[in-house]
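Enquirer: Quick note on numbering: the numbering used here labels position 176 of the sequence shown as 178, and the sequence is numbered without any gaps. Every residue, glycine too, gets a C-beta built ideally from N, C-alpha and C. Note that the coordinates shown come from a computational prediction; the quantities given were computed from them, not determined experimentally.
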Amino acid sequence: MISKEQFDREVDLIIVNAIREDVGDGDHSSLACIPEEARGKAKLLVKDRGVLAGVDFAQKVFKHVDEGLTVDVRIRDGQEVKQGDIVFYVEGSSRSILKAERLVLNAMQRMSAIASKTAKYVKMLEGTGTGILDTRKTTPGIRALEKWAVKIGGGENHRFALYDMIMLKDNHIDFAGGITQAIKKTKKYLEERGKDLKIIVEARNMEEVEEILQSEGVYRILLDNFTFEDTVKAVKRIGKKCQTESSGGIDETTIRKYAECGVNYISSGALTHSVYNMDLSLKAVND
């Protein structure tokens, strides 16, 4: 994964771009009818059930929009919420609250949905010793938020992007002339450029597992679309030589059984690409 500093920069870029996209040359609805000196207060209301995520992000958004806004947080990221809960109160310039509203809601609704689904998967894996990983199957432009939400939900992050880990999948292998050739070329490439990146290699069957094991320096073998039986065989054959990861169409009905095959990790694109936003709303408070 990328460093915390780089991750924070990604989050800052998301905020800047989202405000640019949403506000443009001004929030004319607010500018037209709300005086510049007007002050207000609003509450974030939960209208759903699940694991909350995005509170820390919301605070960053409010600060970016207006450092004069104050946020009184009542429920933190990672906590379970239910309908009627109040997550936080935000107070200050009415115009500023409205300017930040949509970005805060859009992000928190999606992040909470991802955290909730991740937490559900984590619970399904309890006692197996298998971790749940996200993938790069994220919404373009907001990957940092979605991976952040996975961590809040108790999952682990896979590589962030194409640049922080080597992952030799079927197309890389086929274009490179085979598994052994792909690994050799990769190790040479990394050595020539002085890069220290972990190497994951995808296997489509037991024969490919055997071939991968002939090469040194592989960090993890990705068992793609393996049956339960072949997964057990692969895990036994690989032993402690490197880590193992199962992927490919694994869902709530099969995740526990794959974990019981003994893999170190299960990766699931569904954590980020197949969720329904948590229902949240920001409501004005009239004291």
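(1) If distances are taken between C-alpha atoms only, which option among Glu82, Val124 and Tyr267 comes closest to His160?
(2) Would you report the Cα separation of Leu54 and Gly157, rounded to the nearest angstrom?
(3) Hey, how far is the Cα of Ser248 from the Cα of Thr130?
(4) Output needed for Met126: all residues of its chain with C-beta closer than 6 Å, excluding positions within five of it in sequence on either side, in chain order.
(5) Using 10 angstroms around the beta-carbon of Gln183, count the other beta-carbons present and answer buried if the total reaches 16, otherwise exposed.
(6) Rounded to a whole number of angstroms, what is the C-alpha to C-alpha distance between Ser98 and Asp68?
(7) I need the DSSP call for Gly147, collapsed to helix, strand or coil.
(8) Going by alpha carbons, who is nearest to Leu47 out of Ile154, Val106 and Lys153?
(9) Bridge partners for Val73 per DSSP, in chain order?
(10) Could you have a look at Ala236 and say whether DSSP puts it in helix, strand or coil?
(11) Might you give, ordered along the chain, the residues of its own chain that have their beta carbon closer than 6 Å to the beta carbon of Val80, omitting 5 neighbours on each side?
(12) How is the alpha helix (DSSP H) around Asp176 delimited, first residue to last?
(13) Just tell me which of Arg78, Arg104, Ser114 and Glu38 has its CA closest to the CA of Gly94.
(14) Assess contact between the segment 68–77 and the segment 11–25, defined as three or more Cβ pairs (one per stretch) separated by less than 8 Å. Is contact present?
(15) Closest by CA to Ser283, which one among Asn108, Gln8 and Ser31?
(16) State the Cα-Cα distance for the pair Ala115 and Glu194, rounded to the nearest angstrom.
(17) Rounded to the nearest angstrom, what separates Val203 and Cys244 at their Cα positions?
(18) For Ser5, does the three-state DSSP call read helix, strand or coil?
(19) Quick check on DSSP: helix, strand or coil for Asp14?
(20) Out of Lys45, Ser31 and Glu209, point me to the one whose CA is closest to Asp226's CA.
(21) Out of curiosity, what's the CA-to-CA distance linking Ile201 and Asp253?
(22) Measuring CB to CB, does Ala102 end up less than 9 Å from Phe64?
(23) Is it the case that the Cβ atoms of Met3 and Val57 are separated by a distance below 9 Å?
Expert: If we stick to the structure as given:
(1) The shortest C-alpha separation from His160 is found at Tyr267.
(2) Each residue's alpha carbon lies about 14 Å from the other.
(3) C-alpha separation (whole angstroms): 14 Å.
(4) Sequence-distant Cβ neighbours of Met126 in its own chain, meaning closer than 6 Å and more than five residues away, are Ile257 and Arg258.
(5) Gln183 comes out exposed.
(6) Looking at the backbone, the Cα of Ser98 and that of Asp68 are separated by about 6 Å.
(7) Correcting the residue identity first, residue 147 is Leu in this sequence and not Gly. Looking at Leu147 - three-state DSSP - the assignment turns out to be helix.
(8) With distances taken between Cα atoms, Leu47 lies closest to Val106.
(9) DSSP lists Val92 as partners of Val73.
(10) In the structure shown, Ala236 sits in a helix (DSSP, three-state: H, G or I).
(11) Contrary to the premise, residue 80 reads as Gly rather than Val in this sequence. Answer for Gly80: Ile154, listed in chain order.
(12) First-last of the alpha helix (DSSP H) with Asp176: Asp172 to Ala178.
(13) The shortest C-alpha separation from Gly94 is found at Glu38.
(14) By the Cβ rule, the segment 68–77 does not count as touching the segment 11–25, because fewer than three pairs are nearer than 8 Å.
(15) Answer by Cα proximity: Asn108.
(16) Spanning the two alpha carbons is a distance of roughly 43 Å.
(17) Distance between the alpha carbons of Val203 and Cys244 is about 11 Å.
(18) Correct three-state label for Ser5: coil.
(19) Three-state DSSP puts Asp14 in a helix.
(20) Sorting Lys45, Ser31 and Glu209 by C-alpha distance to the C-alpha of Asp226 places Glu209 at the top.
(21) One C-alpha to the other measures close to 26 Å.
(22) Contact flag set, yes.
(23) Contact annotation: Met3 and Val57 have beta-carbon atoms that are not nearer than 9 Å.
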